[in-house]
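Working notes, beginning with the structure itself.
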Amino acid sequence: MKRREFIYNVGMAGMSLPFLNPAAAVGSSNVPKAKSVIYIFLSGGLSQYDSFNVEVDKNVLGKSTIINSNVAGIRVSNYYPSLAKQMDKILVLNSMKTNQGAHPAGIYKMLTGYNPRSTVTHPELGAWVNKCLTSEQDSLPNFISIGSRGGAGFFPGQWAALPVKDPNKGIDFIRRSDSIGNDTFAERLDILSSLNRDFETDYSTKETRSYINTYAGSLKFMNSKDIDAFELKKEHPKIVGLYDKNSFSRSCLLAGRLVERGVRFVKVELGGWDYHDGIYDKMPANANKLDKGLSSLLTHLSQKGLLESTLVVVSTEFGRKPDVNPNKGRDHHPNGFTCLMAGAGLKAGEVYGTTTTDGKEAAEDILEVNDFNATIAWRLGIEPGIEEKSPSGRPFDLANKGEARQELFG
Amino acid sequence: MMLLSLLATSTSAQEMPAVNALNFKKDILPIFADSCFGCHGDPARRKGKEPGGGLRLDSPESISHGGDAGPAIVAGKPDDSLLYQLITLPEDDDEVMPAKGDLLTRDQIALVRKWIEGGADFGTWKGGGNAPSIDKVTEMEISQAPEGDEMVTGPVAPDALTREIDQLVADELNRLGQTPRPEIDDYTFCRRIYIDAIGRIPTIDELDRFIEDDQTDKRARLIDKLLNSKGYNSHWYNYWADLLRVKNVGDELHHAGNFSEWIKDAVRRNKPYDQMAHELVNASGELYKPGNGATGFYAREKMPLDHLANSVKTFMGMSIECAQCHDHPYEDWTQQDFYKLAAFSSRTHLRVDPLPADEKKFYAKDRSILKQKSFDEWIVYRESLRVKHAAIYGNGTGFMRLPHDYQYDDGKPHEVLAADVLFGNLPELNYRITKEKLEKLPKRNFGPEINSRKSLADWMTSARNPMFAKATVNRLWHRIMGTELVGQLGGLTLEGMGNHPALTEKLMACLKGSKYDTKIFLKIIFNSRIYQSKALALTASPPAYFLDGPVVRRLSSEVLVDSFLSLKTETPDKFVATEFRWDGFTNFYEKSQKMNVQDFVRYSIKGPGRGKFQQREEREAAQRNGDMGPRELWRVSTFGRDYGQHRVAMLMGKSNRELIDSANLEPDIPQVLFMMNGPLTIPKDGLIYRKMNSAGNREEKMAILWKSVLGRLPKKSEKALFKHELDDLMWALLNSNEFRFIR
Chain A
1 MKRREFIYNV
11 GMAGMSLPFL
21 NPAAAVGSSN
31 VPKAKSVIYI
41 FLSGGLSQYD
51 SFNVEVDKNV
61 LGKSTIINSN
71 VAGIRVSNYY
81 PSLAKQMDKI
91 LVLNSMKTNQ
101 GAHPAGIYKM
111 LTGYNPRSTV
121 THPELGAWVN
131 KCLTSEQDSL
141 PNFISIGSRG
151 GAGFFPGQWA
161 ALPVKDPNKG
171 IDFIRRSDSI
181 GNDTFAERLD
191 ILSSLNRDFE
201 TDYSTKETRS
211 YINTYAGSLK
221 FMNSKDIDAF
231 ELKKEHPKIV
241 GLYDKNSFSR
251 SCLLAGRLVE
261 RGVRFVKVEL
271 GGWDYHDGIY
281 DKMPANANKL
291 DKGLSSLLTH
301 LSQKGLLEST
311 LVVVSTEFGR
321 KPDVNPNKGR
331 DHHPNGFTCL
341 MAGAGLKAGE
351 VYGTTTTDGK
361 EAAEDILEVN
371 DFNATIAWRL
381 GIEPGIEEKS
391 PSGRPFDLAN
401 KGEARQELFG
Chain B
1 MMLLSLLATS
11 TSAQEMPAVN
21 ALNFKKDILP
31 IFADSCFGCH
41 GDPARRKGKE
51 PGGGLRLDSP
61 ESISHGGDAG
71 PAIVAGKPDD
81 SLLYQLITLP
91 EDDDEVMPAK
101 GDLLTRDQIA
111 LVRKWIEGGA
121 DFGTWKGGGN
131 APSIDKVTEM
141 EISQAPEGDE
151 MVTGPVAPDA
161 LTREIDQLVA
171 DELNRLGQTP
181 RPEIDDYTFC
191 RRIYIDAIGR
201 IPTIDELDRF
211 IEDDQTDKRA
221 RLIDKLLNSK
231 GYNSHWYNYW
241 ADLLRVKNVG
251 DELHHAGNFS
261 EWIKDAVRRN
271 KPYDQMAHEL
281 VNASGELYKP
291 GNGATGFYAR
301 EKMPLDHLAN
311 SVKTFMGMSI
321 ECAQCHDHPY
331 EDWTQQDFYK
341 LAAFSSRTHL
351 RVDPLPADEK
361 KFYAKDRSIL
371 KQKSFDEWIV
381 YRESLRVKHA
391 AIYGNGTGFM
401 RLPHDYQYDD
411 GKPHEVLAAD
421 VLFGNLPELN
431 YRITKEKLEK
441 LPKRNFGPEI
451 NSRKSLADWM
461 TSARNPMFAK
471 ATVNRLWHRI
481 MGTELVGQLG
491 GLTLEGMGNH
501 PALTEKLMAC
511 LKGSKYDTKI
521 FLKIIFNSRI
531 YQSKALALTA
541 SPPAYFLDGP
551 VVRRLSSEVL
561 VDSFLSLKTE
571 TPDKFVATEF
581 RWDGFTNFYE
591 KSQKMNVQDF
601 VRYSIKGPGR
611 GKFQQREERE
621 AAQRNGDMGP
631 RELWRVSTFG
641 RDYGQHRVAM
651 LMGKSNRELI
661 DSANLEPDIP
671 QVLFMMNGPL
681 TIPKDGLIYR
691 KMNSAGNREE
701 KMAILWKSVL
711 GRLPKKSEKA
721 LFKHELDDLM
731 WALLNSNEFR
741 FIR
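Residue numbers (the working numbering), protein chains in the order written: chain A, 1 to 410; chain B, 1 to 743.
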């Protein structure tokens, strides 16, 4: 078996072969421009007026000041000096809108496209991508989530994200303990197969075989050459040198390495944006992480020639209010907020959509979550209206009736 | 019969928790009957004399309706209840009640107060003068139920029922020309019953003791012993907690601690399942009040219609959620049916903050001062008030309105619908406004409350509701046999009785006959020949008939993790709680009862911050709970509220409790990597190592290893493996399918 086949055959949670829905593929006139997505999720709610939506009334900006970027006519807040030098690679989406104003519901809506319900859980966008685009040639799982989990909703568990808790350590327990030598491990596996063979003669079921397959898959995963994608020290020093040492930057580095190996959807979470008080004391450190990590990633992808085929998305569950509250913080604001996209043939170096100048509402070219998700799927070559049925037979489509905003691409 | 008395003693011997729900018929009705009905009873019994003050207290409806001076009782609020005000007046007051005869004793008054505080629930009382004992009442009601010949009305004899079930299966097998599957040996039985009854494999001592027992009734005795052990409480708590989805919700609700304590208490006391379900559906009042944790079931859901769909799925095994938005595509339920059912619980809602009036009167000023002063103090103020005030309000108005986008010809958007059940008899509702009148009121108006939610609970859990017993039988059968008897857990139909209707019917009769005593029901099945047959490995295409034995299946996440305890210690169940455990929220709730408005401000200033507030209360709660033992010896059921999720159990597929039945038995890469390379540590001084160290020779050591992990002796063919290192063998056995599956 070629090494790229194993994960498909046995590694995907040992389930039966993933079914490829031919309806998933968009007609040939729409050749996908993105092979992969790096989806950076800023949980807590990024303040748009202290980042990338600064062309509003001055009092809305709070303590933020405005700096110029490398694109004439695009300015950003002073907390993002590194990204200011890369705005030619970025499309700013200033007219995002959601219908959820609390964190768990807002996050759920952003990641799945649906409102949370207690009768069904919906798959995250990454799980849809995983299910629609996984093929026999793939050597690594197509949905990997760094720093958080990524749920498969009502899809079988095999389509959930493979979680990576710490980018410096890679996959949990991917290595056997140092005290167990090669021979000992082989011996253990021999005993195990002998026990399992015996059990199979009497009690073989789909589930017992599924475990045997998943053990085989996990072993091959442990021994796979592609597993070194998770080893950051294997990266070229010039690339590693683009990044600083903090965990978010290291996650971005790992994400870059994974899309280079063909992983379709990598989610990276950077939390902590929920500044209801003391925003100008607490936010700069986090903004600095985003500024450094994301700009390093954009350089990394450009240098490797991957930016053309990778859609980098920066999203958050909602924005923050235009007024600074008495506690010097900003409260939740779903009515008009900001996300970013880069790469994959986007109209980079532009701004799409506006809010009213008092910052209260998204105004021109309003972009709802459903259309946002549809756009990402479409660019990967997935039909946004593709449907799957939940176990009780209710049909759900990927983008929850959203439509791709094709005009965002050149 | 023996078991019945056994259960009774063990229950009463248990320590009663701090607060327990009152039973109207047992606790309150005798007081009313003795002291009130003389003047406020049925006029027919009083020679036609009108009741005093126009008030009758001899039926739930008349109490709710009240007399000339208005309603006698405001559920949840004794101090606002006229009845309570009058019985607590000074002895020399002209208005004090009872006007004739002795005043109520302090204990009686306390009972009435508690009953009103708890929502003034009438239980199964439909009205009537005398107060017969609770057992008699229940028996009467059940025997009156028109259930046909299968209805068991006499005392339950589990042994006889076990035999009847075995006979039914034997006849069916005979008819189909199948031979029964072989009976299992003692080793297999012992492992299986430990797993199914108490949720872990037996320790080697427990296994040896059972094998050495040479009495013929040893299986039956083991079953009784396990059903009455602490391990049972742990294992079955996990089951109900998953079904009822015990979980904190967002930042706002931390009710899971109190909710899980309520379930644990119900399991410890073996509360009849119909009563348990009734209390959940009809729960109201404060969320963090110790003993009132049943409110967690309602609080769990933000959306009332989702909650209704989930209640129906939980207790009746039916999926009606489609009808929430449109007529059900392949069942009979229409959207109107759904909304009519929703009318029973309309206007029931969770409110986390003080009521607006209280807010304005007491708290608003301080709240705004604190908000200006300090975010941390303000948030502690808000959170601490929420712990005191968060509650389920509303008990149903009996009316609902069609949604704004109603699309069918048989109704208009916002049209008023009166409550109706999906099938069976509509309970009588005591409407205080007509449908026509309500129709003319603004579309946000749903009418005054009439306690119709209680009628919904009555209907759902009634012995006359075939779905309640059917769904419960189906669930419990699935839980211990590994496969559904009637149909999909959440996809039953009114007509469907599964492939073996006679068996389904018999088991439903067993359940009803035992008055929904789940222990008796389990005892009946555990003792049966079907349960004690060799497990069946379901192949890809299952045979037409496979009910003659349990199905090979993976251990649930909790059983898998708890089974490691059986390798570590002689007493794996030692730290399962036997009484109410406090958490930061129930602890603070209790404190808050004595706090006045200014106390809350002072408390907030002690701050700082919500996190610290919670930590402080958790510390106090931990002190109240005393020594809970080392975490590494806790069963999974002890984790999962303030102690955080059990990481390994989550990895093994423990339900995240977002949805009903969402535990996962499938493998995935992270799980398998953990099993192969993770810290599966059995300490070197753990039970299994101590046993092996004290063994004489290699053969004995190996026998101990095999018995401890797999619950059986090594086979001859396995002797070839003895040459390997102990640690390598242990690794292989723990990673083997035989350990992970029940056979």
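The beta carbon of each residue, even a glycine, is placed where N, CA and C say it ideally should be.
Tell me which same chain residues have a C-beta within less than 6 Å of the C-beta of residue i, skipping the five on either side of it?
i               : result
S452 of chain B : F344, G396, G398, A419, L429
V26 of chain A  : At V26 of chain A the pLDDT is 46, less than 50, meaning the model places this residue with poor confidence; the figure from the coordinates comes in the next sentence. So the qualifying residues of the chain are G381, E383.
Give every residue of the same chain whose Cβ lies closer than 7 Å to the Cβ of residue i, excluding the five residues on either side of it in the sequence, and list them in chain order.
i               : result
S62 of chain B  : R56
V369 of chain A : T98, K109, M110, G113
A348 of chain A : D88, K89, I90, L91, A342
Find the nearest neighbour of residue i within the set the options, judged by alpha-carbon distance.
i               : options                        : result
L507 of chain B : B:L492, B:C39, B:L494, B:L485  : B:L485
W459 of chain B : B:R221, B:M316, B:S346         : B:M316
R394 of chain A : B:W236, B:R347, B:Q324         : B:Q324
N193 of chain A : A:T208, A:I180, A:N182         : Before going on, a small fix: residue 193 of chain A reads as Ser here, not Asn. With distances taken between Cα atoms, S193 of chain A lies closest to A:T208.
L665 of chain B : B:L503, B:S655, B:S319, B:K435 : B:S655
L426 of chain B : B:R444, B:L417, B:L456         : B:L456
Q86 of chain A  : A:G343, A:V240, A:E269         : A:G343
Y516 of chain B : B:R529, B:K470, B:L492, B:H478 : B:K470
K279 of chain A : A:G381, A:V324, A:T205         : According to the sequence displayed, residue 279 of chain A carries Ile and not Lys. With distances taken between Cα atoms, I279 of chain A lies closest to A:V324.
L687 of chain B : B:G653, B:L633, B:G626         : B:L633
G417 of chain A : A:S95, A:N70, A:K58, A:A102    : Beyond the ends of chain A as shown, which are 1 and 410, falls residue 417 of chain A; an answer cannot be given.
D825 of chain B : B:G127, B:A99, B:N23           : This structure gives no information on residue 825 of chain B, because the portion of chain B shown stretches from 1 to 743.
L287 of chain B : B:M303, B:D274, B:A256, B:H278 : B:A256
L659 of chain B : A:A84, A:S47, A:P116           : A:P116
E231 of chain A : A:S218, A:Y243, A:R250, A:G241 : A:R250
Measure how close the beta-carbons of residue i and residue j come, nearest whole angstrom, since I'm counting them as under 8 Å.
i               : j               : result
T98 of chain A  : G106 of chain A : 6 Å
G66 of chain B  : A75 of chain B  : Their Cβ separation, rounded to whole angstroms, is 12 Å, which puts G66 of chain B and A75 of chain B out of contact at 8 Å.
H389 of chain B : P354 of chain B : 4 Å
T214 of chain A : I669 of chain B : 7 Å
F259 of chain B : G291 of chain B : In fact, because the Cβ distance is near 11 Å, the residues do not count as touching under 8 Å.
I191 of chain A : A732 of chain B : 4 Å
K328 of chain A : D277 of chain A : 6 Å
W115 of chain B : P60 of chain B  : Rounded, the Cβ-Cβ distance is 12 Å, inconsistent with contact.
F409 of chain A : L346 of chain A : 6 Å
G119 of chain B : G285 of chain B : 5 Å
D291 of chain A : Y79 of chain A  : 7 Å
G385 of chain A : D397 of chain A : 5 Å
Identify the residues that DSSP records as bridge partners of residue i: which are they?
i               : result
P81 of chain A  : In the DSSP output, where bridge partners are listed per residue, P81 of chain A has none listed.
N373 of chain A : Partner(s): none; N373 of chain A has no beta bridge.
L340 of chain A : A:V92, A:V314
A299 of chain B : Per DSSP, none; premise fails for A299 of chain B.
F399 of chain B : B:A418
F41 of chain A  : A:E269, A:S315
D166 of chain A : A:G170
Tell me which residues share the same chain as residue i and place their Cβ nearer than 8 Å to its Cβ, disregarding the 5 neighbours each side in the sequence.
i              : result
P90 of chain B : V96
Just checking, does the region 244-260 of chain A make contact with the region 32-39 of chain A on the three C-beta pairs under 8 Å criterion?
-> yes
Give a yes or no on contact between the region 175-195 of chain B and the region 545-563 of chain B, applying the rule of three or more CB pairs nearer than 8 Å.
-> yes
Assess, as a yes-or-no matter, whether the region 666-685 of chain B is touched by the region 698-716 of chain B under the definition of 3 or more beta carbon pairs within less than 8 Å.
-> no
Is the region 645-652 of chain B in contact with the region 553-565 of chain B, if contact means three or more CB pairs nearer than 8 Å?
-> yes
Determine contact between the region 196-209 of chain B and the region 484-499 of chain B, defined as no fewer than three beta-carbon pairs at a distance below 8 Å.
-> no
Would you call the region 287-307 of chain A and the region 56-70 of chain A touching, i.e. three or more CB-CB distances under 8 Å?
-> no
Given 8 Å as the limit, is there contact between the region 616-631 of chain B and the region 302-313 of chain B, that is, 3 or more CB pairs closer than that?
-> no
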